[in-house]
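Below is one structure, written out as structure tokens; comments come after it.
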Amino acid sequence: MLPGKQSTKILDLLPPGSFVKLKNQPHDLPPFEIINCKGGRCLVRQQSWGKYVHWEVDHHRLKSA
């Protein structure tokens, strides 16, 4: 499998609005919500952070919640 095709497959599985966890995320931290994924990076947020606060994370660090 080519690296470009693998990242496309991963991004298709993480649509905006879905919830994910980080690899090695503590159990007491709630899942993150996907805002957008592009170029191998995803913008995620915690619901408690408010509408305009987000974090950019490499998609390979994320897994479906």
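Counting with this note's numbering, you get residues 2 to 66 for the letters of the sequence shown. No residue lacks a Cβ here, since even glycine has one placed at the ideal position from N, Cα and C.
Rounded Cβ spacing between residue i and residue j (contact assumed at less than 8 Å)
| i | j | result |
| --- | --- | --- |
| H60 | R46 | Their Cβ separation, rounded to whole angstroms, is 15 Å, which puts H60 and R46 out of contact at 8 Å. |
Where residue i falls, given that 16 or more other Cβ within 10 Å makes a residue buried
| i | result |
| --- | --- |
| L63 | buried |
| L30 | exposed |
Contact under 8 Å by Cβ, residue i with residue j
| i | j | result |
| --- | --- | --- |
| P32 | K22 | yes |
| I36 | P16 | no |
| E34 | Q48 | yes |
DSSP beta-bridge partners of residue i
| i | result |
| --- | --- |
| R42 | K39 and D59 |
| K64 | K22 |
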